[in-house]
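Encoded as structure tokens, the structure appears first; notes follow it.
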Amino acid sequence: MEVVTSEDLAETQTTRVADYLTRLPGISVTTNGSIGNSTQLRVRGLDGKYVAVRIDGIDVTDPASPQTSFNFGSLTTDDIARIEVLKGSQSALYGSEAIGGVINITTNRATEIGSVGSFAAEVGSHDTLRTSANFSNRTETSELSFSISHIQTDGFSSADENDGNDEADGHTSTRLSISAAFDTSETVRLGFSAFYQDSESDFDEFIRDGTPDEETLATTFGLRAFAEIAGADVDHTVSASIFENDRESISNGDADPFKGNRSEITYQGDYIASDRMRYSFGADYTKEEFRSTEDDFSAFPVVTTLKASGETEVFGLFGETLYSPNDQIDLALSLRVDDHSEFGTFASARAALAYRPSNDWIIRTSIGNGFRAPSLYELNSNLYGNKDLDPEESMTFELGAERQFSETGFVKATLFYMEIEDLIQFDNGYKQVPGTTTSQGFELSTNIPVSDRVSLFGAYTYVDIQDSDDDRVIRVPEHDLILGLSGAITDRLSGIISAQYIDGVVDSDFPDTIDMPSYTVVNSTLSYDLTDATQAYLRVENMFDEEYQTIRGYGQSDRAFYVGLRTSF
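Residue numbers (the numbering used here): 29 to 597.
Here is the structure:
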């Protein structure tokens, strides 16, 4: 598991969560242009439909998207306290859509008794203004946190300028989040988390007719309430959550609404049998619904609007055993059984082992299977849906080693292999592809203190991902290398600089694929402590003005400058 803290995010002052996560081994991102546009995060070559994403315990993948996934395009770092990235199949705990891994995000929280507040403001290229405010309070028996953030930017043209479309694609977004919990007695704790986000984003379609009026309006809402009950032997947690994503794409005056809803009820019990053995078990129920209209482009210029809708229900049982036979070995065994209203019963299992031959070495291995149920859109779209689709099934194996040589210094290496049976692909409609898709490769990462003030960090990922026809899967870097330096220049001045090299990407050039040019992007941030509580910073993105694309036909930002101020109280 990779862990990102609020201190890590503050060091780079990165705007989008997805942009920071590309620094981690095994993570890559593709985006259709500037902030607010469609942004897919990939884990070891597997795209967003294989990655479960949760914010404060709420599943935020969109049930109304063509393939259920989370769009990272407008999620900023402003209210984020912690990000955990689990790689490899996690279906044994999280069910469908967790074949590639899980991104678990926690928003602003109070970590100590008392009240803490912060405010930040940033201006920069593309007429960008970004502001945020956070407040949190913690007592012996309660906690409360509140955050609000806003960003507005004129952006840049999502379509590459070589396309002749150079109108800027702007974005405006406001996000609110709140969480609270309190002890009603010595054994019962009640709480909730909620967020609301409203955004407007200009975009450029893949098929462009010179009409620069494409826009997406979206509102998302999530709420989770929970009760934690400490029992004599078993601790209980009961929670219920809802998630709604209401978006509307407007192009050439036509509006296409998409609405997705998800409701979840979960029970989990935790039993500590001894210092070396712990059991967790539980059950959950999930209902997903979607509604949309669809434009039929089969007969230009006639456009026929069709309605599509669907719903599914899943009931799951899960259990996990954590066992440490001695101080050198940790073992985890997980099992989950899901009953899907469309596809019946599916069992997922996972086994993981960590072995410490000495205090500075850790060897890890895991193996697990998983599944991805077809999305509601894949099944029910009037234009492209296929009721005969079956779930995709997967198997994952990994082996890794970590050497720690100081408090902050380490070197990690991981080999991974994954195969997916009966992949669902789009070919003028969603179809099952017989055979096996494989993703294999390795990750390397390190952090090396070169002095008391400065550290060298780096990560390299090699991914060989091929479908059942031995064709390379599109938009996945074969080679992904990042190197950088971070640290204090003086007692008040600190900085970070990083360079990322991407190579070996292919993209669609229907009906074939095309090799994308390799590229190197350099980013840097300088921060100066005006006082113990106030910090000013300068961030430069794409320092050497590299022209590059992560998706064919969609350019990325030229060199951009941003200055900001952060203060806490």
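C-beta: ideal position from N, C-alpha, C; glycine also.
Under the three-state reduction of DSSP, N414 is assigned to coil, being neither helix nor strand. Excluding five sequence positions before and after S34, the CB atoms of its chain that fall closer than 6 Å to its own CB belong to A109, given in chain order.
Exposed is the label assigned to A561, since fewer than 16 other Cβ atoms lie within 10 Å of its Cβ. At the C-beta level, P91 and R290 come within 8 Å of one another. Nearest C-alpha to D106 among G145, G250 and G396: G145.
In this structure, DSSP gives V478 a state outside helix and strand, which the three-state scheme calls coil. For E39, the uninterrupted alpha helix (DSSP H) run begins and ends at S34 to T40, by DSSP. For L427, the CB contacts under 6 Å within the same chain, skipping 5 residues up- and downstream, are T393 and L443 in chain order. In this structure the region 210-226 lies against the region 253-273, because at least three pairs of beta carbons, one per stretch, are closer than 8 Å. DSSP lists R82 and E112 as the bridge partner or partners of N132.
Within the region 492-532, the complete beta strand (DSSP E) runs of at least 3 residues fall at 507-516 and 521-531. A120 sits in a helix when the DSSP states are folded into three classes. Residue burial is scored here from C-beta neighbours: R481 has fewer than 16 other C-beta atoms within 10 angstroms and is therefore classed as exposed. The C-alpha of S93 lies about 37 Å from the C-alpha of N165. Judged by DSSP secondary structure, A588 falls within the beta strand (DSSP E) whose first and last residues are A588 to S596. Within a 10 Å sphere around the beta-carbon of G583 sit 16 or more other beta-carbons, which makes this residue buried. The C-alpha of T139 is placed about 35 Å away from the C-alpha of S153. DSSP places D47 in the helix class (H, G or I) of the three-state scheme. When DSSP states are grouped into helix, strand and coil, E140 belongs to the coil group.
The three-state reading of DSSP puts Y490 in strand, counting E and B together. Taken through DSSP and simplified to helix, strand or coil, E370 comes out as coil. Per the C-alpha coordinates, the member of T244, N162 and V216 positioned closest to D226 is T244. Under the three-state reduction of DSSP output, N570 falls in the coil class, being neither helix nor strand. Cβ neighbours of F210 within its own chain (closer than 8 Å, five residues either side excluded): T169, S170, E171, R217, L218 and G219. DSSP, read as helix, strand or coil, puts L404 in helix. The alpha-carbon separation between S403 and R51 amounts to approximately 30 Å. Sixteen is the threshold: when 16 or more other Cβ atoms of the shown chains lie within 10 Å of the Cβ of L69, as they do, the residue is buried. A Cβ-Cβ contact shorter than 8 Å links G512 with I525. Per DSSP, reduced to three states, the secondary structure at F399 is strand. Unbroken beta strand (DSSP E) runs of no fewer than 3 residues, entirely contained in the region 278-327, are found at 282-302 and 305-327, following chain order.
Counting along the chain, the unbroken beta strand (DSSP E) around D197 starts and ends at D197 to D211. Assignment of S62 by DSSP, reduced to helix, strand and coil, places it in the coil class.
For a cut-off of 8 Å, the C-beta gap from T466 to I493 is around 7 Å, short enough to register as a contact. Here DSSP, grouped into helix, strand and coil, assigns G259 to coil. Comparing C-alpha distances from F374 to each of G288, E506 and D366 shows the shortest one belongs to D366. Rounded to the nearest whole angstrom, the CA to CA distance from T212 to R137 is 20 Å.
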